[in-house]
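Note that UniProt numbering has the sequence shown beginning at 1, numbered continuously upward.
Quick reminder that beta carbons are idealized off the backbone N, C-alpha and C, glycines included.
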Amino acid sequence: MDSFDTAKQALVEAGRDLDALFETAVTLPGVSTNPFESWRQTLDAMKAQMAEGVLRVAVVGSIKSGKSTFVNSFFGGDYVKRGAGVVTCIVTRIRHGQDLAATLYLKTWDEVNAEIEQAMVLFPSFDWRGADGKIDIRRQTDREKLGHALELLGDEQLITQGTINMNAVLISSYLQGFDRIKDLMDASSASKEFGAGEFASHKDFVGHEPLAVYLKDVCLSLPAGQGVEDQVEVADCQGSDSPNPLHLAMIEDYLLKTHFIIYVISSRTGVRQADIRFLSLIKKMGLASNIYFVINCDFSEHESVADLRSLLERITGEIALLRPDPEVFCFSSLFHLFSGIKDELNDKDLARLNQWELDSDMRSFSDYESKRFLDILDKRLTRDRMALLLKSHVDRASMMASGVGDWINITRDFVSQDAGRAEELVRQMAVEKEGVDRIRAMVKNTLDGALRQARQEVGQDVDRFFDPNMGPAVTDLWEFINQYQAPQPETSPGSFTNAVYSVFSDLKRAVDRHMAEQLNPAVARFVKDEEAKIGRMVNDIARPYGTMVDGALSRYEKTLGEMGIVLADQKMGAPYQLDVSRVRRLAGLQVPGLTAAMRYSARVRTEAIMRKSAYSAGSFLKRIFNKESKPLDRNDSKAIAHALARMKEETRKSLEEHFMDFRENLKFQYMFKLLDLSAVTLQEDLSDRLKIFVEGMDQSAGLVNETQASKEQAREILASMETRRKEIADKLASAGKLTGL
């Protein structure tokens with residue numbers, strides 16, 4: 001059992017024992033259930049949060065860099081589909097589970113139809129909608145219309161600027177995969193699970209484009225002993241240089257939830273331009289400090305270990321230009337994968353493995369580098385899991401244990417007092433309690449006012465960032481759209497609508513790429529900066545009240561000490577600091593998906609573009625009617641220019657509307673919620689330190705009026721409780737040392 005498992009087990013046992021202790025406390029005569037019911041609710045919340053907390057690791061890199069092979073090697077089996085298509089972006093997530101299983105998460109029919117609507121904007125054929133003006137792929141007539149619309153596309157619409165038309169591929173894939181997937185989609189469940197006996201079947205869906213387009217993502221569950229740490233998720237992401245910019249945005253969305261990144265680079269290609277662009281993007285997002293680099297080497301491509309060392313040194317130097325002092329490792333994922341599944345290899349792969357095993361120097365180098373990587377990764381996983389998933393819970397449980405100790409000491413003193421002395425004790429405690437109540441009221445009132453001001457300031461920040469006239473990231477996008485020059489349409493026969501569609505496809509792809517590479521990273525950085533600002537705001541509020549609470553505790557302890565009551569050790573000294581990232585993580589808050597901002601094209605008005613442009617088509621339209629095929633003349637180019645100008649205008653309008661939606665979601669569903677939850681957490685944290693004084697101590701006076709026999713029984717119970725409490729405190733102290741408390 002590693003240190004994380006040891007600390008977690010100690011925390012789980014301590015929580016169970018605390019719960020039993022609270023159960024015992026409420027059995028004492030004359031004792032109210034407060035504050036124990038409140039603490040039991042906190043324990044229940046801690047259990048749920050510990051179960052849901054996940055440390056996420058993203059495996060990223062360019063296409064064909066060996067990401068899937070690396071993931072399979074890491075887990076010691078051929079679990080993830082290798083060499084999957086590049087058209088569909090599917091994140092394959094791997095987690096610990098009881099049994100081997102693969103779960104496919106499916107899109108809804110509404111989501112599928114919405115994607116088709118997106119892809120059909122400005123399509124040359126206008127006769128593809130259903131009778132109700134919408135598309136529903138479940139209808140036979142709608143599928144036939146979509147198929148006919150695809151057939152009308154010429155080569156110049158299917159491939160432009162050397163790039164395949166992603167919209168045409170998407171629609172074609174949906175049509176091809178419909179018959180096979182429809183029964184799964186019609187099922188009541190939004191997912192499909194393949195157990196151990198049919199586990200490999202999930203690869204048919206991931207690796208086959210007509211089925212993969214219907215998936216949101218895939219989650220593989222691997223049992224213990226197969227390299228999967230509890231509460232760790234490893235994600236095999238699509239290549240960063242996918243021809244579809246939306247895929248890059250999907251990767252960015254996952255990176256926002258990721259705690260650290262493993263970046264895979266192929267030794268055959270080294271650092272490519274695509275890697276430089278993606279690493280620059282990661283740096284803009286503020287995530288560059290959490291990357292490990294793996295050079296996935298192919299033994300067949302390198303002559304010697306000296307060659308590999310030279311490669312390692314060169315790539316490290318190139319990466320250092322973007323990420324100073326990078327941690328870089330060089331080993332063969334395929335060799336280690338084949339070594340782990342030797343009995344399952346076909347003759348060809350077995351022959352390759354046997355050949356590689358003959359090169360002892362290369363094998364030893366790869367073994368060393370792989371072990372070095374795994375050792376460092378294991379330490380990082382353990383450390384981060386401690387900090388992210390356990391530390392705050394150990395702190396909270398320790399505070400409860402300390403509070404119970406105080407309650408036991410005071411209650412025990414009440415049991416030994418006569419009525420007169422107990423009455424004086426209650427009176428003095430009531431005086432101190434009034435002070436504590438005032439502090440709690442002051443904290444609440446101050447937070448209410450400060451929160452209103454903070455919401456206004458954060459809201460203004462978000463509004464300024466997305467201001468269509470002043471926001472730097474948005475105005476940069478407008479400038480890009482204004483300066484965009486469309487490539488000249490092909491001169492082959494076709495219609496005006498074909499030419500317009502080709503121009504719009506190029507414009508949209510360029511805008512999407514700009515958003516994925518420039519706007520989205522700027523949004524991610526802005527969000528991180530605002531989170532830090534919220535943390536500073538809340539902690540500025542908390543600082544004086546944390547000091548005030550510590551002062552109240554000191555005075556209370558002094559008062560009780562004068563009455564002969566010694567409290568348990570209070571954790572005072574260090575200024576109170578609220579960890580906003582902990583608040584966000586425990587609440588499960590997530591930034592609105594960056595991909596949402598790239599679904600703007602559905603709002604582009606086709607009729608506006610066609611109506612305003614067609615009047616100036618002139619000889620272009622005449623040529624179509626005459627079935628002529630001549631190079632475009634000046635009038636034809638003028639018609640296309642009019643269409644492009646209208647496209648830019650419509651694109652900007654639709655983006656402004658979409659940014660408005662995204663801005664409001666970011667404000668109300670994320671920023672304001674984070675502020676509110678931070679304020680609530682601050683109140684709870686400060687209140688927890690006062691809880692025992694406000695909700696429980698004076699109620700112990702009820703024991704004074706009990707019979708002598710009842711008092712004796714209470715003393716025995718309290719003594720037993722204190723013994724058990726110390727054992728709990730010792731467990732929590734051990735867990736605290738492991739988590740760095």
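- DSSP places Glu252 in the helix class (H, G or I) of the three-state scheme.
- In the DSSP assignment, Ala58 falls within the unbroken beta strand (DSSP E) covering 55–60.
- Nearest Cα to Thr651 within the set Ile640, Asp413, Ser505, Ser720: Ser505.
- For His96, the enclosing beta strand (DSSP E) starts and ends at 91–96.
- Comparing C-alpha distances from Phe335 to each of Glu301, Gly133, Lys731 shows the shortest one belongs to Glu301.
- Residue environment: Pro324 is assigned as exposed (fewer than 16 neighbouring CB atoms within 10 Å of its CB, all protein chains considered).
- Per DSSP, Asp236 is one residue of the beta strand (DSSP E) stretching across 232–236.
- Going by C-alpha positions, Ile609 is about 9 Å away from Leu122.
- Under the DSSP assignment, Asp217 falls in the beta strand (DSSP E) whose first and last residues are 215–222.
- Comparing alpha-carbon positions, the option among Ala641, Tyr600, His259, Glu303 lying closest to Ala288 turns out to be His259.
- Counted as a single uninterrupted DSSP element, the stretch harbouring Leu287 is not any alpha helix (DSSP H), since DSSP gives it neither H nor E.
- DSSP, reduced to helix, strand and coil, places Leu106 within a strand of the structure shown.
- Under the 10 Å beta carbon count, Lys371 is surrounded by fewer than 16 other beta carbons and is classified as exposed.
- With distances taken between CA atoms, Leu211 lies nearest to Phe178 out of Phe178, Ser188, Asp236.
- The beta carbons of Val112 and Tyr174 sit about 7 Å from each other, so the pair counts as a contact at 8 Å.
- Exclusion of the five residues before and after Arg95 leaves Cys219, Ser221, Val228, Glu233 as the residues of its chain whose Cβ lies within less than 7 Å of its Cβ.
- Residue environment for Ser240: buried (at least 16 other C-beta atoms within 10 angstroms of its C-beta).
- Distances from the alpha-carbon of Leu312 to those of Leu321, Arg82, Val294, Phe299 put Val294 closest.
- Only buried fits Asp236, as 16 or more other CB atoms lie within 10 angstroms of its CB.
- Counting only the Cα atoms, Thr559 lies some 12 Å from Arg427.
- At the C-beta level, Ala733 and Asn665 stay beyond 9 Å of one another.
- When secondary structure is reduced to three states using DSSP, Lys203 falls in the helix class.
- Its chain contains Ser392, Gly535 as the residues whose beta carbon lies nearer than 8 Å to that of Asp579, once the 5 sequence neighbours on both sides are disregarded; these appear in chain order.
- Linking Ala552 to Thr739 through their CA atoms gives a straight-line distance of about 29 Å.
- For Glu313, the enclosing alpha helix (DSSP H) covers residues 305–320.
- A residue is called buried when at least 16 other Cβ atoms come within 10 angstroms of its Cβ; Tyr214 meets this threshold and is buried.
- CA-CA distance, Leu519 to Thr547, rounds to 42 Å.
- For Glu650, no pairing in a beta bridge is given by DSSP.
- Around the beta-carbon of Ser332, 16 or more other beta-carbon atoms lie within 10 Å, marking it buried.
- The alpha-carbon of Tyr105 is positioned some 35 Å away from that of Glu13.
- Under DSSP, Ala48 forms no beta bridge with any residue.
- Residue range 166–186 is occupied by the alpha helix (DSSP H) that includes Ser173.
- Taken atom to atom, the span from the alpha-carbon of Ala114 to that of Leu248 is near 20 Å.
- With contact defined as three or more Cβ pairs closer than 8 Å, the stretch 399–414 and the stretch 13–27 are in contact.
- With respect to Leu55, Leu389 sits close: the two C-beta atoms are nearer than 9 Å.
- Under DSSP, Val26 forms no beta bridge with any residue.
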